[in-house]
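Here the structure is laid out as structure tokens; the discussion comes afterwards.
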Amino acid sequence: MWYLIKRIFFFIPTFIAITIIAFALNQKAPGDPIEKLVRGGYISEYNASEEQYRLDYIEAAKQLELDLPTFYVTISSIAYPTAYHNTIIPNDKQKMKEQITQSVPVWKYLVPTIQWNGFDNQYHRWLIKVLRFDLGTSFADGQPVSNRILKAAKWTIIMNGLAILLAYGISIWLGVWLATTKRKRIASMGRVGLFILYSIPSFWTATLLVVFFTTPEYGIALDLFPTMGLGNLPSEAPFWNRFWETSGHLLLPVFCLTYGALAFITIQMRKSMQQEMGKQYVLAARSRGFSERQIIWKHAFRNALFPMITLFALILPALLTGSVVIEVIFSIPGMGLLTYDSILQDDWPVVYGVLVVIAVLTMLGNFLADILYALFDPKLRY
210 MWYLIKRIFF FIPTFIAITI IAFALNQKAP GDPIEKLVRG GYISEYNASE
260 EQYRLDYIEA AKQLELDLPT FYVTISSIAY PTAYHNTIIP NDKQKMKEQI
310 TQSVPVWKYL VPTIQWNGFD NQYHRWLIKV LRFDLGTSFA DGQPVSNRIL
360 KAAKWTIIMN GLAILLAYGI SIWLGVWLAT TKRKRIASMG RVGLFILYSI
410 PSFWTATLLV VFFTTPEYGI ALDLFPTMGL GNLPSEAPFW NRFWETSGHL
460 LLPVFCLTYG ALAFITIQMR KSMQQEMGKQ YVLAARSRGF SERQIIWKHA
510 FRNALFPMIT LFALILPALL TGSVVIEVIF SIPGMGLLTY DSILQDDWPV
560 VYGVLVVIAV LTMLGNFLAD ILYALFDPKL RY
């Protein structure tokens, strides 16, 4: 019990550190969100006098809460006055910096100063919004980032969830069989086949599958699967019609996501099981007359699962993050394609929103692994 409580306490500072990193990266992202809001995004033209532009810029900064101090503290040098840090308009800030450079002695740049800004700052407000799953507004279409992520996450969870279930469901059994079978030649051939599967890049396989099996270019007989995307049926169509059409579109991407993970997990399971089968407690169980089936599944298998639990914690974030390459190749509107399109469009609120979601899911995966460790190893419960 204390083991899990300690893990929960580690979760909180880790989450805060991740949010600080994500916020800092977002601050350094290319582009000016205030400028985009003033000019109405990427496509609208903006014609106004300089004075009107300044007023609109300040109003937009207040609307985006970017007129506040960035963090709880500001670390600078005594060369820069408070007015410099409070200036919002970039041109004014640049002019002020040039004046300071010309008039302030060099030694003042070497003297640090720390200014406390209080809790009413950009990071604090952003953190509160993140805790409410309010990740801001997309630059591309003005939609809430959380809505865009939820729409994309649905398809990624379906696709990657199927891939993870298939990979684990087959590889656990196959790894145990390869480690314990008496048919050494078949086991050796299976091991070679697994390494070959693991070494084949999924993007290469995906490209070949799209070229050969989704178009009639190489013969009608090979045109077995629907084209890229998820089909054209409207949401009002009958459920089973949409189900069968979507399933056909997901077969190839799920296969591409499954075979590499299946090979890797099987290799790890086989290795872990072989190590357990060579330990003293297995020899002791044999000497006491236990059957080989009991030794494998009641004793060795339980201990061999520990590396698989760690591996599951690493794979779990993929349930939501998806595979960028596979989703782009097959045009699946999941998290990977959303991230790719957002980077191309400089839609940084979406990019860093996805980053926060991935980080939190990774921490949850590690915490789930800790819970599973405690369930399988009684020594960790106290």
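Heads up, the sequence shown is in this note's numbering, so the first residue is 210 and it goes up one at a time.
Positions of the beta carbon are idealized from the N, C-alpha and C atoms, including for glycine.
| query | result |
| --- | --- |
| Contact the region 359 to 376 vs the region 420 to 436: 3+ CB pairs below 8 Å | no |
| Buried versus exposed call for Y251 [16 or more other C-beta atoms within 10 Å across all chains shown] | Because the pLDDT of Y251 is 44, which lies under 50, any placement of that residue in the model is unreliable, and the question is left without a value. |
| Closest Cα partner of F328 within the set E244, F280, V569, P222 | F280 |
| Alpha helix (DSSP H) runs wholly inside the region 470 to 510, at least 4 long, in chain order | 489 to 496 |
| C-alpha distance - F464 paired with T455, whole-angstrom precision | 15 Å |
| N-terminal and C-terminal residue of the beta strand (DSSP E) that I323 is part of | 321 to 325 |
| For F422 and F434, believed in contact at Cβ under 8 Å, the rounded distance | 5 Å |
| L275 beta carbon near the ligand COA (any heavy atom closer than 6 Å) | No copy of the ligand COA appears in this structure; indeed no ligand is present at all. |
| Validate contact between the region 306 to 316 and the region 264 to 281 using beta carbons, cut 8 Å, 3 pairs | no |
| Whole-angstrom C-beta distance between A470 and L213, which should lie under 8 Å | Their Cβ separation, rounded to whole angstroms, is 28 Å, which puts L213 and A470 out of contact at 8 Å. |
| I284, enclosing beta strand (DSSP E) - first and last residue | 282 to 286 |
| Backbone secondary structure at T346 - three-state DSSP | strand |
| Where P290 sits in the DSSP three-state scheme | coil |
| Beta-carbon contacts of K488 that lie in its chain and below 7 Å, excluding the five residues immediately before and after | none |
| Exposure of Q303, with buried meaning 16 or more beta-carbon neighbours within 10 Å | exposed |
| P467 vs A362 beta-carbon contact at 7 Å | The sequence shown places Thr at residue 467, not Pro. The answer is no: Cβ separation not under 7 Å. |
| 7 Å CB neighbourhood of M305 in its chain, flanking five on each side removed | Y293, T296 |
| First and last residue of the uninterrupted alpha helix (DSSP H) at E268 | 259 to 272 |
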